[in-house]
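Visitor: Pasting a structure below so you can have a look.
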Amino acid sequence: MNLLRLIAAMALLFNLCQSAPSTPVPKAVPTDFLANEFKNLKSLIPKERVRNITYEHLETDQNFKAAIKYMQSEEWKDLIEAIRDKPEWIALKKYLREFGIDLELIINYAEAFVANITVTLEPQDPPPKKNLSLFIIDVEQSLPIIAIVSFLHEKLINNPSVQELFEKLSNNESRQMIENVIALPEVKCLIKEFEYMGVNFLDMFSLMYTFFGWGEFKSF
């Protein structure tokens, strides 16, 4: 289940990047090999299916709509901006950008995607709780998990450039920078909000720690 959730998160990010093409955002500067491998990985994601799932839930899932509505609120925007201003977050962004991973690009696409959606909540008593669980389950079920895992496994074994990238990303400096960000009160608040909406970050961080050989991720 942990792996499914992580791959589902990847699929959602790819879908966001496809769903806001008209929004001006800064371009990432990946190395050529990483750009090509990233493109190959994206080709495995059923982007049209994920997009359709998104809009199906915007039509029928009151809890999903409540979650999106909350992400359009000033409270949510203020929380994101507070994190953006933190030196720890800025340092992590700069560090990962050296490897072609542009966190700001992803956030900009996500913000554009959420901002461009019109959400109409039907009157309910009590009001619907903001929750992404059913949406995430539907995305998980749409993914070619075996093909994605096989692709990642093959690249880690046979591609020296990917192996080098993995070694750099799994070093102690990377771990410390990530933990510095996780320790921020604003990030803890963000994680708590996502967990309330059914997104299990503990599972995903536990998988990331195992993947990079960092031992056990205990708690936030």
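Going by this note's numbering, the sequence shown opens with residue 143, and the numbers climb by one from there.
For every residue, glycine included, the Cβ atom is placed at its ideal position computed from N, Cα and C.
All figures in this text were calculated on a predicted structure; none of them were measured in a lab.
Going by beta carbon distance, what residues of the same chain come within less than 7 angstroms of valine 304, once the five residues before and after it are set aside?
Guide: Translated into positions along the sequence shown, residue 304 becomes position 162. Closer than 7 angstroms at Cβ, skipping near neighbours: Glu179, Lys297, Leu298.
Visitor: Excluding sequence positions up to five away, which residues of its chain have a Cβ less than 7 angstroms from the Cβ of glutamate 337?
Guide: Here residue 337 corresponds to residue number 195 of the sequence shown, with the count starting at 1. Cβ within range, chain order: Phe343.
Visitor: Determine the contact status of alanine 208 and proline 270, defining contact as a CB-CB distance below 8 angstroms.
Guide: What you label residue 208 is simply residue 66 of the sequence shown in a count that begins at 1. What you label residue 270 is simply residue 128 of the sequence shown in a count that begins at 1. Contact flag set, yes.
Visitor: Check serine 215 in the structure and name its three-state DSSP category.
Guide: Looking up residue 215 in the sequence shown gives position 73. Coil, per DSSP.
Visitor: Measuring alpha carbon to alpha carbon, tell me which residue in Leu186, Ile210, Ser284, Ile279 is nearest alanine 254.
Guide: Here residue 254 is taken as the residue at index 112 of the sequence shown, counted from 1. Closest by alpha carbon: Ile210.
Visitor: Could you pull the start and end residues of the alpha helix (DSSP H) that glutamate 306 belongs to?
Guide: Here residue 306 refers to the residue found at position 164 when the sequence shown is read from its first residue. Per DSSP, glutamate 306 belongs to the alpha helix (DSSP H) from 302-311.
Visitor: Any idea what DSSP makes of asparagine 205, helix, strand or coil?
Guide: By 1-based counting over the sequence shown, the position of residue 205 is 63. The answer is helix: DSSP assigns asparagine 205 an H, G or I state.
Visitor: Figure out for me which residue from Met346, Gly340, Ser348, Cys331 has the closest Cα to the Cα of glutamate 217.
Guide: Walking along the sequence shown from the start, residue 217 turns up at place 75. Checking every option, the nearest Cα to that of glutamate 217 belongs to Cys331.
Visitor: Along the chain, where does the alpha helix (DSSP H) containing methionine 339 start, and where does it finish?
Guide: Start at 1 with the first residue of the sequence shown, and residue 339 comes out as number 197. Premise fails: methionine 339 is in no alpha helix (DSSP H) and is neither H nor E.
Visitor: If you run the structure through DSSP and keep just helix, strand and coil, what is lysine 181?
Guide: For the purposes of this step, residue 181 is identified with residue 39 of the sequence shown, where counting begins at 1. Residue state, collapsed to three classes: helix.
Visitor: Please report the straight-line C-alpha distance between glutamate 228 and leucine 221, rounded to a whole angstrom.
Guide: Taking the first residue of the sequence shown as position 1, residue 228 is located at position 86. Taking the first residue of the sequence shown as position 1, residue 221 is located at position 79. Here the sequence assigns lysine to residue 228, which means glutamate is not the residue at that position. Their Cα atoms are separated by approximately 11 angstroms.
Visitor: Pick from Lys236, Glu335, Tyr212, Ser312: whose alpha carbon is nearest that of phenylalanine 354?
Guide: Position 212 of the sequence shown, counted from the first residue, corresponds to residue 354. Of Lys236, Glu335, Tyr212, Ser312, the residue nearest in Cα terms is Ser312.
Visitor: Can you tell me the Cα-Cα spacing of threonine 352 and leucine 294, whole angstroms?
Guide: Looking up residue 352 in the sequence shown gives position 210. Looking up residue 294 in the sequence shown gives position 152. So the two alpha carbons sit approximately 15 angstroms from each other.
Visitor: Alpha carbon to alpha carbon, how far is lysine 184 from leucine 238? Give it in angstroms, no decimals.
Guide: One-based indexing of the sequence shown puts residue 238 at position 96. One-based indexing of the sequence shown puts residue 184 at position 42. Cα to Cα, leucine 238 sits roughly 19 angstroms from lysine 184.
Visitor: Tell me which residues share the same chain as glutamate 358 and place their Cβ nearer than 7 angstroms to its Cβ, disregarding the 5 neighbours each side in the sequence.
Guide: By 1-based counting over the sequence shown, the position of residue 358 is 216. Taken in chain order, the residues that qualify are Tyr351.
Visitor: Leaving aside the five residues before and after arginine 317 along the sequence, list all residues of the same chain whose C-beta is less than 6 angstroms from its C-beta, in chain order.
Guide: For the purposes of this step, residue 317 is identified with residue 175 of the sequence shown, where counting begins at 1. So the list reads Trp356, once near-sequence residues are dropped.
Visitor: Which same chain residues end up closer than 6 angstroms to isoleucine 249 when comparing Cβ atoms and leaving out the 5 residues on each side of it in sequence?
Guide: Counting from one through the sequence shown, the residue named residue 249 turns up at place 107. Taken in chain order, the list of residues that qualify is empty.
Visitor: Is proline 265 helix, strand or coil when you go by DSSP?
Guide: The sequence position of residue 265 within the sequence shown is 123, counting from 1. The answer is coil: DSSP assigns proline 265 none of H, G, I, E or B.
Visitor: For aspartate 244, which three-state DSSP category applies?
Guide: Locating residue 244 in the sequence shown gives position 102, where the first residue counts as 1. Here aspartate 244 sits in coil by DSSP.
Visitor: Between the alpha carbons of serine 215 and phenylalanine 206, how many angstroms are there, rounded?
Guide: Counting from 1 along the sequence shown, the entry for residue 215 is found at position 73. Counting from 1 along the sequence shown, the entry for residue 206 is found at position 64. Each residue's alpha carbon lies about 15 angstroms from the other.
Visitor: Spatial neighbours of glutamate 328 within its chain, please: CB distance less than 8 angstroms, with the 5 preceding and 5 following residues excluded, ordered by chain position.
Guide: As a working note, residue 328 is residue 186 in the sequence shown. Cβ within range, chain order: Leu221, Ala224, Ile225, Lys228.
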